[in-house]
Each structure stands twice: as C-alpha cells, then as structure tokens.
Amino acid sequence: METASSENKSVEFMKTLPGDDVRQIMWRYSDRYDLQMVVQSARSVARGVVARLVADGARNTHDWTDSKSKLLDGFDQVGLTQLFMDPEDGGFIAGPKNLALALVAFELSWVDGGAATCSLASNLALSPIHEKGTPEQRHTYMSRCVPPLPGEERTIWRGAFALTEPLPYVGVDTGILSGKMRVVEWEEGKEPILHVEKRGRFITNMGFADFVTAAVDSDDDRIKGSAMVILEKDDPGTFDRGATTLKLVHQLSSTSDPILSLRVPASRIIGGYTVKDGVIIPNFSHGDVIESVFRRTRVPVAIMTSAKLMSAIEPVIRYQRTRFRGGSASTPGTPRYEQGLQQKDDAVQRLVDIWATAEAGTSFGFAAVRLLDEFDPVEREKDRILAERGISGGRAQMKLFKELEKGALEYLSLQQLPEGERDAARFQELAGDTLVQFLITDSLANIYCPATKLWNTGYGATMMREAVSLMGGYGITEDCPGFLCQKWSDAQLEATYEGPEAVQRRQISITMTNELFLAQFRIWITELRQLAAQRAGTGATILANAMELWLWTLGYLQKSRDADGKALYHPQRHGAVFPFVDSLCWLLASREQILDLLELAAKGPDNPVVAEGLEGFTNFFSDLCHLQAARAAGEVVRICSELVYGYQFVMESSDEETFRSLRNRVESSFAGSRLAKDRAAMAVSKVMIPEALDYP
Amino acid sequence: MNGGFHIVVCGSIVPDPLQTLAPVDGPTGPALKNEMMLPSVLDPWAGHSLYEAANLAKNIPGSKVWLVSLGPKAKLQQLMMSIAQKVTFELVVLDGPAGGFTDSFEVAAALAGAIDKIPGLDRSRLLLFGGCASASRDAGVTMQMVGEQLGITEQFLGVDELKVQDNGSFRILERIEGGQYQVSECSGAPAVLGWATGNLPEPPNNPQIGMMNMRTVMPALQKAVPAPVGVGGVSYLGVELPSQRRETRIVKDMSADDIAAEIVAWIKG
Amino acid sequence: MEKVLFLAHTQDDGTLPGIALEALAAAVEMTAKLPGSSLVVGLVGKDVSQAAEAIGSSDCAATAALIGQSGATMVVAPATSRFSRSLPGATQRLGGRIETHVSGLEVVDGVIRVQRWYYRQRMVATQTRVQRPWVLVIDGGVFAPWAGAAAAATVENVAVSLDAAVVRTTVIGVQSGLRNRPTASSTSRMPQI
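Chains as they are written, first to last, in our numbering: chain L, 336 to 1031; chain W, 790 to 1058; chain R, 269 to 461.
Next up, the structure:
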C-alpha cells in the first residue's frame, strides 16, 4: 500500500517556488538551449511589453490600437515571429517546433492570453502553407513573414487564418463552407484566375493581416471540392477587414469579421492543383489541410490556460500572507501578521487544488507537444511512403492501415516482454517500420491533442475562477496582481478557440475506442502498478485502479443498451459518451503529471541547482500527484457510476458485482491521499516567495 | 583605431532583486537563504558595461569582447540563456561562489588570474570593463584591484560615457559628487573602466546571436576552472535584515489643514 | 596596537570636504578606543592633483605612498569619488585589504568592528578582519563631523614621483548633467560617489 510508506515520508518542504531548472527537467528541455533561450525571450516580452499594456488598460478597447501593435514589434525583436520558420526560411530552430511554440504560449499567457493568441495566430495563418503548401508557397510566405535583417528594407508580413465553418468531428456536415471560389478567367495554357468570396467571423489578426489563408468551397464545375487559398491585401477586389469583434476577453489580439472578395491566380491554392478534363483539382481539400493544422495548434491553447493557473499561485500566496499587514490589523511577529490568511486550512488547501490542476495541465499539454514533435517527421515519412506506393484517397489508406494495425499491436505486446523473451528480429523489424510507428503515434496524438485542449481549458477555467475567489474582492478588480480576473474570463475563450469543447469531445469519442490506443492504455496500467511498487505516495495505484474501472466501463457501455433498448455507446448519444470522454481526460492528465515527477526525481540530482532543493520539490510534487490522482479517480468513479447505473432500472448482477468491486478498489486506494493534501498545503504555507511580482 | 580593442568584461550573477533575501550561516561564512535556488540576473552595473563593450566592439573593427564570470557554473549556464542572446562575446567561466560575502581581494585575484590566461588577449589593447560596484557586495573595489594586478594604472569609476577619438585616445565621463561628471582624456588602452549605467538600453534578446554564442558558451562552461574564493580574512560577527520600522500614528479627528500643517512642520524639521 | 592613518584630500579651496571631517571623527574615535594607538593624518593636497592633473593614477600612487611611508595598519578615509577610484588599487598595491561603504565602526575588546551593507542595503553585516593595512572608506552621514579645536601640526611632505611618460590620463574638467540620469535597472541607489 502506498499509504504506509507515505506516512513515513520525511517532511522536507519545498524551499522556493520551482524555477527554470526544475521546469526544464520536468518538461524535458534541459538539453535544448535553443528552447531555453526562446523561453527567456518570450518571458522578456511577456513581463515587459505585454504586462505594461495590460496594466495601462490596453485591454479596455476592442480595436487594434497603436499601443497594441507594440506587441508585434516586441515579438519581432526577440525572435518570436520567426520561431515558426525553418532555418532555410529565416528561422533559427531546425526540426519540429511544437514544444517551442507551446513554451512561448506558456510564457506569454502567464501574463496575458490575448498576447499569446496574437503570437499563435500568425503561426496559424502560416500553418496551412507550412504543412501542405508547395515549396514556392512556403518559401514566398515564410520569407515575407520573417523580420528583416539589419540593412534590409522590408515590411514584415502578417497573416490571418480564416475558416469560419464547422470543424471535422463536430458532428455536422463539414463540407458546408461560407467561402466560395469560381474560375473567372482561364486562357489556354495560362494560369486560371479565380474569384474568391469569403466572409470570415471571429478572425484573429485581421486588424493588421497582409494575407489570409482562407478555406473555400468550389462554386464552379471547373473546380473540384474545397481548398485553402492565400489571399493578399493588394489582390484586385475587396479586402475589407470588417467590423471589430466586440469580444470581452483576449483584447490584446485583433479580431474582426472580414469581407473578402478577390481575384487571385489558381497558384494560390495551398498545396497546388492538377487539371484533369478541364477541371481544377486541388491537391489538398480544406479538410486535409486543417486536420493537419489543428492537430498541432490546439495544444498550445491548452497550455495557455494551465500557464495562467500556474501564474496565479505566487500572487495568491503573497495576498494570503500579507492580508492583515498594515494599519492596526495585526502586529509584526504575530501569526496573523506573518501568515495572514494562510493560518487557515481552507486558504492553502484550495490553493493546492489550483496548483495540482496547473501541474497536471502543463504536464499533459507538454506531453502532447512532445508527442507531436515525435510525430511530425513520422507523419512526413508516412506521406512520402504512401505517395511512393501510389496509395491515395482515404479508403485505400484505411485499408492499408487496418492491415498494419496487427503489426502495431504485435509491436506493443513485444515491447512489453523482457528483451530476452521476445523475438528480437521481429521487434526490430516492426520498430523500423515507419507506418507501424506512425499508427501507434497517431493513435495517441488523436487522443492527446483534443483531450489536453478539452481538459486544460475547460476544467482550467473552473479552477481559474477558484483562483480569483481566493483573492477576495481584490480578485475581480483591475488592480489584482497577476491580472487574475482577466485570466479567468480569457480562459472561457480558450475553451472555444480552435474548436469548442463539443468538437474535442466528439473527436475523442471516436478515437478513444481505437484498439491501438486501448492497448497502450492497458500497458500504462501495468506500468503504473510497477511504479507504485517502486515509489510510494505518487497516487499511481489510485490511477491504475481508476483506469481499470474506466476500461471495464467502456466495454460495458459498448455492449449494453438502456432500459429502452437503445445502444449506450453511440457517437450521437452525447449524454453518455461525452461525460465518459471527460473522465478519460482526467486520467491522462494525472498520468502525465506523475511521469513528470519521475523525470524530475531521476534527473534532478544531476543538476546542482536542482539537487539542492530536490527532496522538497519531489515531496511536494509527489503530494500534488497523489491528491490529483484521487481527484481524477473521483471524477471517473462518479461518471462511470452514473453511466453504468443511470440508464437502467435493474442491472445484471454479475456486471454489478464486477463494477462494485472495481469501484471499491479505486475508492479504498484513496487511503492517505488527503494526508498528501495536508502536507502539500503545509508546504505552500512555508515556501519562500519573491518579495514582489516580476510584472506590473 | 589600430586593430580594435580587446575588451574584457568582468560580470557575474546576483539574485533577482525581486527575490526575498535573507542571511543564513553557511559552512564558510554568511550566505543567502536558498541561495543556489534563487533566480539570478546579470549584475546590473556589469550588464551595462557588457552592453557598452559590445557596442564599442561593433563600432571599432577588429575588437573583441570576453565576458569573465565567477559564479556557480550551473547558474551561469542558466543566465547565458538570456544574456548570450543580447550581445556577442566569448565566455570565460570561473566556477565558484558568486555571493556578496566573498572577499573582494580573493575575487580580484581569481579574475586577474583568469584574464591573464585568456589566449590571444593583447594586453596593449585591453580595456577592462566591469560594473562600478556589484549588487551583492556593493564595494566598488574589485575592478580597481584586478586592474592593479594586471598593471593597468589608468582607472575610471562610475563611467557613463567612453568616446574613442580618431587618434585612438578616448574621452571619459565619470560620475563625481554633486551630480557632475569628471571629464578625462586617456591616451589609449590599457585602461580599467568601472561603469555606471552608460548610455545604452538593454539589448533585446536575439536568438540568432544566442545560437551563435552557444557554440562557445557551452564549451566554456564545460571547461570552467574551479575558483573556490572565500571570505578571506574577514570574520563576520553577524548579518541581519534591518528591522522594520513602522512609525504610524492613526489620527481620526483632525482636519486636513491641520494634518497638512503638521506634515509641513515635520518636513521643515 | 594600531597605527591609524586618516587620509583625506583637499577641495579646490584648500579646505577639507564635510565628509572628510566625518571620517576624521571616526578615525579619532577609533584611535581613542584602541589603547596605545596613534593617529596620523595624511593629506593629498591640491598641489599634487594640480601638478599631475591626473588624479586617477597619481591618487593611487600618492595614497599608496602615504600609507606605505606612514606605516599605518589602519587607514580611515572618506568616501569621495577620488578615493573610491584610487584607494582600492592602492590597497592592492600594498597587499592590504579594504572595506568601503562603512556605515558603522566600533571597537569591542580591542577589536575593530565594521558595519557595512550588502545586497543593496538589504542586509547589514558586522565584520572584522585580521589583515593589515586595512583601509576603511567611511560613507557620508554616518559620523558627526569632527569639531575639535584647531591645533598646530607637524607637516611632513611625502613626495610622489610620477613618471610623466607613464601618466596617460588628463583631467579636462567637470561638466554637469548627471542629474535625471537613470540608475541601473532595478537599482535602488546610485553608485556611492
């Protein structure tokens, strides 16, 4: 049992708030100096320009103002603008950049979510070109968006991304697009000229964009399907930036509803086109493009909300401790003066909940971007192999993948065997098979990306409210240190950006039944049990038990019908499926939090700075993992119980017995988890914090 | 200017000024509570001297900048993630304590020794830069001592401006009493300049510069020379935080005019 | 038994600056509390600075010569910009040690204790040291200016030979303009000069 040893744990408390050295280990970039520098750069802008803008009230207008445009200068100056680009296009980081972009989002959002959105939106505009654009398109637009070098006379181009239609997986027809394109001129042997008509809604960066990557559908028999096209501000026609969106949040990003009616050459179709029988066939439909784009860009948004939770901790501690200082409220030396509100259990216990959520969210989000960094080259290689084999079209691809799934499952089971016991040759063969590895990574990315977006922003917004409440009336004023109220309201938009919550739930409800994912999920349960045996007090047992319960419930829901004989697990039965999706997210976030703790415990001793306070940190993070695992498991038990019992009047006794026993196992493993919370709260009341916040 | 200057900047870390600083007894003398774990920044006055050095090097062809830092190398590495993005320099690392309670005499000896060993350093072209004082020991003596050990007699303290003239001589503004500058002319290198703020803003981070510097910064950190400087012959009898004094009088029944009159009387003494 | 040297430089009008009188008070008080100790006064005069017009290197040489010839074990000097610039180098030349920004001085059981601030006046230390000569540069406003009665003094000139060829710096003059300058980022005070 974890509890026995956790009771005996020596109480070495965390001495200071975790610094960069600790986070670099936990989020796995301690050997990436390029990323460490990016973090410093982003932080300098965030706590400089961005913080001053917020403090000066720049958020009090919806319009894109001159003072807000200083943000862009700030981004340009410290290299954030070209972060997205590859070195050959003027960037400075080679290879995948998901983790880099996420770290920037984290730092900017630490101060203001809108500033982070502003930074991310430029990348979002370039993403379709980056992912699917022709080499010429990539080169043209990437190099225009890079800040000029010294001596170079050039204005930086900025982009906006215009979709404004339902996203895939939303459960409605994704083929309906507001944008249309027609051929208006097509001289023999020349490039066709298109007329593109697009009305966007809620388009970020539109106040200053020089080009727009827009999703449009064909309105002409001579164009097949849909595409994304690049529209420039000087193209002939109307490039109307439209009315400013009167949003109450994220005012440091420019948002409006543009009206675009422009003539452009067909070469602006992203990814190019072919002509067959007099019909223009775009190489990529808008769906192909955005699927590839959104998979990546959703995750930094998730990290934004978690960053804000994390940023709330220091101001809340300071507020709590100094609450009764000054005037005649208390005298120095008394507990009331020294500890303030932290004398009371509730203040610190609630803060610990916020902190644990922030840890779980960031661990989850950063795990997702690391996965994407792994996934990027594998996906490109997969595309190359499929093209080489002449496999195109969804059906042919699906057929191939179905066959390969067996190999992928075999690989996963071989991976579990000790080296001596497995067929080494077969294992090596499968390990080297790009398509097999693609399927495995893909099955995870299809869960992790929507799940972290859903959980971090949704539950994060709720916990951000809690952070505001811990500041009392101060919390909802403009003067509140750390801009907590703005961060809370901003979180609501983050839950909506890049697909509202229903979109994420819908996607997960489909992808979580993928056998490849479930096979990995089972492996994780085994690993968590092994981990619990090696290291007590992390909550790994609770989590493993809750995952078992979740797995059983999935099987039960899939096979069962309700009292009216209707299937329980049906994609359209959102009442059953969506809550179940939510419960999965809790588990995944909690697991990643534990894995980051293990990383810190393993690598911390190698860094002399971290080593000094390591025990205090690992104790505290372990306690946070423990209480978060219990919190997550509690959600899973509640949701599973409602779903298992709630749809019928009488349940088959054998099922009920199994469910009860699994549930009981989860609940009894809670032993000690509240003691962990008490310890964590004690640590929060003792930790040394800076004397003042490092931004206005 | 004949071949440019060889500018050696001495500068290290100090705790981020926003951090809570509390003295504790360490094994070798006073130290700061959780010193190793406190986030650090480049010592501000030394920072200004580094930016001035880089600017000077940029404007005078053939010049080169070294940054000689004495501090725990893990913490210097962290600092480099920010500073190495700002200006171009070559790093020389002395792995030792950076706290304020070390003896300036020992620190100066370690720095002078390290500067003496810099390969390719032309002492006849040497400008030794640093802050006019550190934000830790705040003594304002180390640069002069390093200069003395290196045999550099031309020394300037509280420098805000260095203008190199066509003949290679330079004109220097030093802060003196009464809010004034002392204006001096020096015929040329070598010289020691302990900088005040100078005239340049902090350069923004530039990742391209950072990536370029990293090629030499990381090897420099790896071959850091241990420099176990200590308190020297100093015995610390006590280090304490100043006790907070709050002389508040709560007055409830007094008119604004009376309050103002009392404040004016108090100001006039 | 210490031999205390009070070190000062004159102003343009030949008088001592107020801060020097404060440091003198410190030196007198310290000497009085150290039984058997003696106090000598070293003045870097107007002539010296005028002759060389090179107060950087010449001050260093002059003070080093004064300290060396006096055989002082303790040196007390005011925190003027000239001394702040020159005394550290002079101390180094003599193999001595120096404490600047001294904000308190006391003698307890025959031991000289110095008080000075660290980390930008965020903590204050009381310290002593064994090495000699030990130079103490006293901050302004710490001691009340010395106000003893004037008395006749024996004056001994210490000649400082400066090779004109070695002197490479010339003081041109003084210009205003320091006010309203920014202090170093996040700095709580100007350099103490």
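C-beta: ideal position from N, C-alpha, C; glycine also.
Proximity winner among the options, relative to residue i (alpha-carbon distances)
i, options, result
"Asp832/W", "Gln867/W, Ala922/W, Ser871/W, Pro861/W", "Ala922/W"
"Gly448/L", "Arg382/L, Arg479/L, Val518/L, Asp401/L", "Arg382/L"
"Gly425/L", "Ile877/L, Ile491/L, Leu686/L", "Ile491/L"
"His909/L", "Leu892/L, Lys734/L, Ala924/L, Ala898/L", "Leu892/L"
"Arg715/L", "Leu686/L, Ser627/L, Ser665/L", "Ser627/L"
"Leu434/L", "Ala702/L, Glu488/L, Leu949/L", "Ala702/L"
"Val948/W", "Thr942/W, Arg960/W, Ala843/W", "Arg960/W"
"Phe984/L", "Pro785/L, Asp899/L, Asp570/L", "Asp899/L"
"Ala863/W", "Gly885/W, Asp905/W, Ala843/W", "Gly885/W"
"Leu406/L", "Ala390/L, Gly414/L, Leu587/L, Val346/L", "Leu587/L"
"Ser513/L", "Pro527/L, Pro635/L, Arg534/L, Lys525/L", "Arg534/L"
"Asp905/W", "Glu937/W, Thr877/W, Ser1044/W", "Glu937/W"
"Val651/L", "Pro617/L, Ser663/L, Gly810/L", "Gly810/L"
Contacts that residue i makes with chain R (C-beta to C-beta distance below 7 Å)
i, result
"Thr1005/W", "Those within 7 Å of Thr1005/W in chain R number zero; the least Cβ separation is about 26 Å."
"Phe894/W", "Arg365"
"Gly1058/W", "Under the 7 Å cutoff, chain R gives no residues; its nearest Cβ is about 15 Å from Gly1058/W."
"Arg912/W", "Chain R residues near Arg912/W: none, gap ~14 Å exceeds 7 Å."
As assigned by DSSP and simplified to three states, the class of residue i
i, result
"Met541/L", "coil"
"Asp814/W", "strand"
"Phe945/W", "strand"
"Trp402/R", "strand"
"Cys920/L", "helix"
"Asp958/L", "helix"
"Arg534/L", "strand"
"Arg724/L", "coil"
"Met342/R", "strand"
"Leu352/L", "coil"
"Val316/R", "Reliability fails at Val316/R, whose pLDDT of 46 lies under 50, so the model's placement of it is uncertain and no value is given."
Contacts that residue i makes with chain W (C-beta to C-beta distance below 9 Å)
i, result
"Lys326/L", "Residue 326/L lies beyond the range of chain L shown here (336 to 1031); nothing can be said about it."
"Gly948/L", "Asn823, Met825, Met826"
"Asp366/L", "Within 9 Å Cβ-Cβ: nothing; Asp366/L doesn't reach chain W, min ~10 Å."
Residue i versus residue j - alpha carbon distance
i, j, result
"Ile929/L", "Val410/R", "57 Å"
"Asp814/W", "Glu297/R", "31 Å"
"Met825/W", "Phe351/R", "34 Å"
"Leu352/L", "Ala811/W", "16 Å"
"Thr438/R", "Leu951/W", "14 Å"
"Ser988/L", "Ser996/L", "12 Å"
"Ser402/L", "Phe894/W", "49 Å"
"Leu502/L", "Asn395/L", "Caution is warranted here: a pLDDT of 47 is assigned to Leu502/L, below 50, making its placement in the model unreliable, and the coordinate value is therefore given only provisionally. The straight-line gap from Cα to Cα measures roughly 31 Å."
"Arg698/L", "Glu934/L", "The amino acid at residue 698/L is misidentified as Arg; the sequence shows Ser. In a straight line, the C-alpha of Ser698/L is about 11 Å away from that of Glu934/L."
Within-8 Å CB hit, residue i to chain W
i, result
"His277/R", "no"
"Ala451/L", "no"
"Asp545/L", "no"
"Pro667/L", "yes"
CB contact below 8 Å: residue i versus chain L
i, result
"Gln933/W", "no"
"Met1043/W", "no"
"Leu859/W", "no"
Partners in chain L for residue i, counting only beta-carbon separations shorter than 8 Å
i, result
"Gly1022/W", "Chain L residues near Gly1022/W: none, gap ~28 Å exceeds 8 Å."
"Ile1039/W", "Gly662, Ser663"
Amino acids of chain W, ordered along the chain, whose beta-carbon sits closer than 7 Å to that of residue i
i, result
"Val398/R", "Gly1022"
Residues that residue i contacts on chain W, provided the C-beta gap is smaller than 8 Å
i, result
"Gln349/R", "Looking at the sequence shown, residue 349/R is not Gln but Ser. The answer, in chain order, is Leu946, Gly947, Glu963, Arg964, Ile965, Glu966, Gln971."
"Pro401/R", "Residues of chain W passing the Cβ test: none, with the nearest at roughly 12 Å."
"Thr334/L", "Because residue 334/L is not part of the residues shown, which for chain L are 336 to 1031, the question remains open."
9 Å Cβ cut-off: residues of chain L touching residue i
i, result
"Asn995/W", "Ser376, Gln412, Val413, Gly414"
Partner residues on chain L for residue i, Cβ-Cβ distance less than 7 Å
i, result
"Ala863/W", "Asn942, Pro943, Val944"
"Gly999/W", "Met372"
Residue-chain proximity (residue i, chain R), Cβ-Cβ < 8 Å
i, result
"Glu943/W", "yes"
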